[in-house]
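> Dumping the structure here so I can ask a few things about it.
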Amino acid sequence: MPTVKMTGHLYRYFPTLENRVITVPAGSVADVLRAVNEIAPGFTDYLLDDCGALRRHVNLCVNETIVFDRKTLADHVPVEGTLFIFQSLSGG
Amino acid sequence: MPDMILLGTRKGTVIFDRTNSTWRPRPILHAGIPVCYAACDPRDGTLWSCLDHGHWGPKLSRSRDGGGTWEEVLSLKYPEGARYIVQYLPAPDFDPAAPVGQPEYKSATVFKIWHLAFGNAEQTGRLYAGTIPGGLFVSDDGGESWELNRALWNHESRGGDLFAGDATSENHWGGTPASIDYGVFEPGIHSIVLDPQDSNRLHVAVSSAGVLESADGGLSWIGRNRGLLMDYMPNPAAEWGHDPHFMANCAGQPNHFWQQNHCGVFFSDDGAQNWKKVSAPDAGVHFGFPIGVDAQDGRTAWVVPARKDSERMAIGGGLYVARTTDGGQSWQSFRKGLPQNDAYDIVLRHGLDVAGDYVCFGSTTGNVYLSEDRGESWHCLGNHFPPIYSVRFG
Numbered sequence: 301m302p303t304v305k306m307t308g309h310l311y312r313y314f315p316t317l318e319n320r321v322i323t324v325p326a327g328s329v330a331d332v333l334r335a336v337n338e339i340a341p342g343f344t345d346y347l348l349d350d351c352g353a354l355r356r357h358v359n360l361c362v363n364e365t366i367v368f369d370r371k372t373l374a375d376h377v378p379v380e381g382t383l384f385i386f387q388s389l390s391g392g
Numbered sequence: 282m283p284d285m286i287l288l289g290t291r292k293g294t295v296i297f298d299r300t301n302s303t304w305r306p307r308p309i310l311h312a313g314i315p316v317c318y319a320a321c322d323p324r325d326g327t328l329w330s331c332l333d334h335g336h337w338g339p340k341l342s343r344s345r346d347g348g349g350t351w352e353e354v355l356s357l358k359y360p361e362g363a364r365y366i367v368q369y370l371p372a373p374d375f376d377p378a379a380p381v382g383q384p385e386y387k388s389a390t391v392f393k394i395w396h397l398a399f400g401n402a403e404q405t406g407r408l409y410a411g412t413i414p415g416g417l418f419v420s421d422d423g424g425e426s427w428e429l430n431r432a433l434w435n436h437e438s439r440g441g442d443l444f445a446g447d448a449t450s451e452n453h454w455g456g457t458p459a460s461i462d463y464g465v466f467e468p469g470i471h472s473i474v475l476d477p478q479d480s481n482r483l484h485v486a487v488s489s490a491g492v493l494e495s496a497d498g499g500l501s502w503i504g505r506n507r508g509l510l511m512d513y514m515p516n517p518a519a520e521w522g523h524d525p526h527f528m529a530n531c532a533g534q535p536n537h538f539w540q541q542n543h544c545g546v547f548f549s550d551d552g553a554q555n556w557k558k559v560s561a562p563d564a565g566v567h568f569g570f571p572i573g574v575d576a577q578d579g580r581t582a583w584v585v586p587a588r589k590d591s592e593r594m595a596i597g598g599g600l601y602v603a604r605t606t607d608g609g610q611s612w613q614s615f616r617k618g619l620p621q622n623d624a625y626d627i628v629l630r631h632g633l634d635v636a637g638d639y640v641c642f643g644s645t646t647g648n649v650y651l652s653e654d655r656g657e658s659w660h661c662l663g664n665h666f667p668p669i670y671s672v673r674f675g
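As they're listed, the protein sequences go chains A and B.
Sequential numbering from 301 applies to the first sequence in our numbering.
Sequential numbering from 282 applies to the second sequence in our numbering.
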C-alpha cells in the first residue's frame, strides 16, 4: 500500500494524521487523496479547489516526481510508492 | 455600550474585551492565518472569522462560546457548472487592434470569503457571504450548508445564465485589485446590506461593477448605480463599472445609504435608487475605503480620508476622521488623539465600525483607535497589531 507524507503544517488542522504512518490503497493521486479524506474528513478541501483541482500553492510529488496534472490528478501512485504533500514556497 | 471589538488581521483574529472603561486584547486567535473579516452575529452572539489561508483556501471559523473555542464550518463551494467569463489585466503585449475574441469561460472556485452579513431577527440561521469571484452565498442553517444565489450569479450584467450555456449578454463586471493576490482578476462582493424592516430587501456592492438590489429575497436583482460617477472611465456615468469600496445603510432609516467609492463619497436617501456625490475634496473627504453610518440618523456618517490614488495613505502624514450629520452637505474633521506627524496609515474597507457613541478603526499599519464620543476624540488601543483588515463591534 502506498504511503502518504505531508507537511506538518497540515497537522494543525488534522491532528488525527499526526504521528502515524498513513497508508491507503494504490490508485490515482485523486484516489489517494480521497482515501486520506476518509481518515480525516475535510482534508481534500485544504488541497483542492471547488472544481477538484489542486490549489495554487500546494505541490504534490509521487516519489521524487512532481505532479504536473493538477486538474484531474490522474497520475498513478504505485503500491510501493509515496505521495508527498507540500506547501509551495509561495503564497502564505 | 459594546463589550467586544473584533479585528480581522493579517495574522489572525484579535478580540478586545471591555471591563468598565478599559479595553484589553486577548492573545491572538487563528494565529498566523490571515483573517479578512471577523464579526459577531448579534442574534445569538456567535463569532465568525473568514480565514484566508495562503495555501489551503478560504475557510469559515465559528465560535459559539464567545471566542473560547472555534470550529471550522463546512466550506462554501460553487456548484458544479458555475462559470464566469474570464478577465485579464491588460498585458504589455496587448494589441488593441486585434479582433475581439469569443468570451473565455472558467469554472468558479471560491478565492476569498470577503464579507458576512447576518439575517434579520426573524430569519433564524440566515447568513450571507460575499466572495471573490463575485458570488453571493446564502445559508439558512447557521452556516452548516450554503447555496449560491443564482439570480445574481446569472444576472444579465454578467453575461446571463452560464449554467445553461454561453453568454447571452455582455459581461460588465470588472475585476477587483483585491483578486490579484489569487492570480486572477475577478469581481468581488464586499458589502451585503440588509433592510431591518424588510427581510426580502437586500443590496450588494461589487468591485468593480456597482450596486445591485433585490426586493424579493434574492430572486431577482436590478442595478442601482444612478448618480454614481467614475472618473477612470470614458463615460463616468455609465451604468456598470463602478468601484464602491464599501457600502452601508442606517438600521433605523434603511433607505439612507452611503458608500465610500473609489471616486468619492456618495449618499442616497431613497434606497440607493439615486446617488449623490457628497465629497468635500477641500476638506480631504473624497478618497478612502471604509464608511460607517449611525444606526438611528441616516444623515450621519464617518469616513477616514486618504490621499487618492497614487499614495493611498493618510493625508499629509496626519490621520483624521471626518463626520457629517447633514447627509454630506458639510463635514467636520476630528484629529484629537490621532497622530498628526509621520502617520502613513490606510484603513481598509471593513476597518471602521460604529456602535452608538463608539467609533473604532484599525489600519494596515497595525494601529487601533477608539472614540467614545462619536469620533470627536480618540485614544489608541494598540500600535503593534498585524495589518488590520476588519474592525467590528460585538
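Positions of the beta carbon are idealized from the N, C-alpha and C atoms, including for glycine.
1) Report the start-end ranges of each beta strand (DSSP E) in the segment 368-393 of chain B that is 3 residues or longer and not cut off at the edges.
2) Buried or exposed: which applies to residue 467 (chain B), given that a residue is buried once 16 or more other Cβ atoms fall within 10 Å of its Cβ?
3) Given that a residue counts as buried once 16 or more other Cβ atoms are within 10 Å of its Cβ, and exposed if not, what is residue 306 (chain A)?
4) Quick one: what's residue 672 (chain B) bridged to in DSSP?
5) I need the straight-line Cα distance from residue 509 (chain B) to residue 495 (chain B), nearest angstrom please.
6) Can you tell me the Cα-Cα spacing of residue 305 (chain B) and residue 586 (chain B), whole angstroms?
7) Under the DSSP definition of a beta bridge, which residues are partnered with residue 382 (chain A)?
8) For residue 379 (chain A), which residues from the same chain have a beta carbon less than 6 Å from its beta carbon, with the 5 sequence-adjacent residues on both sides left out?
9) Would you mind stating whether residue 681 (chain B) and residue 647 (chain B) have Cβ atoms separated by less than 8 Å?
10) From the DSSP output, which residues share a beta bridge with residue 331 (chain B)?
11) On a Cα-Cα basis, can you pick out the residue from B:297, B:392 and B:578 that is closest to residue 637 (chain B)?
12) Hey, could you find the ends of the alpha helix (DSSP H) residue 433 (chain B) is sitting in?
13) Counting along the chain, where does the beta strand (DSSP E) carrying residue 651 (chain B) start and finish?
14) List the residues of chain A that residue 292 (chain B) touches, going by C-beta distances under 9 Å, in chain order.
15) Should residue 392 (chain A) be labelled buried (16 or more other beta-carbon atoms within 10 Å of its own) or exposed?
16) For residue 358 (chain A), report the span of its beta strand (DSSP E) as first-last.
17) What residues from the segment 370-393 of chain B come within 7 Å of chain A, judged by C-beta to C-beta, listed N to C?
18) Tell me the start and end of each unbroken alpha helix (DSSP H) in the segment 605-662 of chain B that is at least 4 residues and wholly inside, in chain order.
19) Return the chain-ordered list of same chain residues with a C-beta closer than 6 Å to the C-beta of residue 388 (chain B), the five sequence neighbours on each side being excluded.
20) DSSP three-state label for residue 313 (chain A), please.
21) Quick check: is the beta carbon of residue 311 (chain B) nearer than 8 Å to any beta carbon in chain A?
22) Decide if residue 600 (chain B) is buried, meaning its Cβ has at least 16 other Cβ atoms within 10 Å, or exposed.
23) Using 8 Å as the threshold, is the C-beta distance between residue 471 (chain B) and residue 488 (chain B) below it?
24) Taking all protein chains shown into account, do 16 or more other C-beta atoms lie within 10 angstroms of the C-beta of residue 375 (chain B), making it buried, or fewer, making it exposed?
25) Find out if the Cβ-Cβ distance for the pair residue 617 (chain B), residue 583 (chain B) is shorter than 8 Å.
In terms of the structure at hand:
1) The segment 368-393 of chain B contains these whole beta strand (DSSP E) runs: 386-388.
2) The sequence position of residue 467 (chain B) within the second sequence is 186, counting from 1. Per the 10 Å Cβ criterion, buried.
3) Walking along the first sequence from the start, residue 306 (chain A) turns up at place 6. Looking at its Cβ environment, which holds 16 or more other Cβ atoms inside 10 Å, residue 306 (chain A) is buried.
4) As a working mapping, residue 672 (chain B) is identified with position 391 in the second sequence. Paired residue(s): B:288.
5) By one-based count along the second sequence, residue 509 (chain B) stands at place 228. By one-based count along the second sequence, residue 495 (chain B) stands at place 214. Whole-angstrom Cα-Cα distance: 19 Å.
6) Here residue 305 (chain B) is taken as the residue at index 24 of the second sequence, counted from 1. Here residue 586 (chain B) is taken as the residue at index 305 of the second sequence, counted from 1. Between the alpha carbons of residue 305 (chain B) and residue 586 (chain B) lies a distance of about 27 Å.
7) Looking up residue 382 (chain A) in the first sequence gives position 82. Answer is A:303.
8) Walking along the first sequence from the start, residue 379 (chain A) turns up at place 79. Residues 326 of the same chain have their beta carbon placed closer than 6 Å to that of residue 379 (chain A), with the five preceding and five following residues left out of the count.
9) The structure shown does not extend to residue 681 (chain B), since chain B spans only 282 to 675, so no value can be given for it.
10) In the second sequence, counting from the first residue as 1, residue 331 (chain B) sits at position 50. Beta-bridge pairing links residue 331 (chain B) to B:318 and B:341.
11) Your numbering for residue 637 (chain B) matches position 356 in the second sequence. Closest by C-alpha distance to residue 637 (chain B), out of B:297, B:392 and B:578, is B:578.
12) The sequence position of residue 433 (chain B) within the second sequence is 152, counting from 1. That run of the alpha helix (DSSP H) goes 431-434.
13) Within the second sequence, the letter at position 370 stands for residue 651 (chain B). It spans 649-652 - the beta strand (DSSP E) in which residue 651 (chain B) sits, taken as one unbroken run.
14) Residue mapping note: residue 292 (chain B) aligns to position 11 of the second sequence, counting from 1. In chain order: nothing, as chain A lies at least about 11 Å away.
15) As a working note, residue 392 (chain A) is residue 92 in the first sequence. Note on residue 392 (chain A): pLDDT 47, under 50, position unreliable in the model; the coordinate value appears next. So residue 392 (chain A) ends up on the exposed side.
16) The count along the first sequence starts at 1 and reaches residue 358 (chain A) at position 58. In the DSSP annotation of this structure, the continuous segment of the beta strand (DSSP E) that includes residue 358 (chain A) starts and ends at 358-362.
17) The residues in question are 388, 389, 390 and 391.
18) Within the segment 605-662 of chain B, no complete alpha helix (DSSP H) run reaches 4 residues.
19) Taking the first residue of the second sequence as 1, we reach residue 388 (chain B) at position 107. Here the set comprises 364.
20) Stepping through the first sequence from its first residue, residue 313 (chain A) is reached at position 13. Residue state, collapsed to three classes: coil.
21) Sequence index remark: in the second sequence, residue 311 (chain B) carries index 30 (1-based). So, not an interface residue.
22) Locating residue 600 (chain B) in the second sequence gives position 319, where the first residue counts as 1. It counts as buried.
23) Start at 1 with the first residue of the second sequence, and residue 471 (chain B) comes out as number 190. Start at 1 with the first residue of the second sequence, and residue 488 (chain B) comes out as number 207. In this structure, residue 488 (chain B) lies closer than 8 Å to residue 471 (chain B) by Cβ.
24) Numbered from 1 along the second sequence, position 94 holds the residue referred to as residue 375 (chain B). Result: exposed.
25) Walking along the second sequence from the start, residue 617 (chain B) turns up at place 336. Walking along the second sequence from the start, residue 583 (chain B) turns up at place 302. Inclusion of residue 617 (chain B) and residue 583 (chain B) in the CB contact set at 8 Å is not warranted, their separation being larger than that value.
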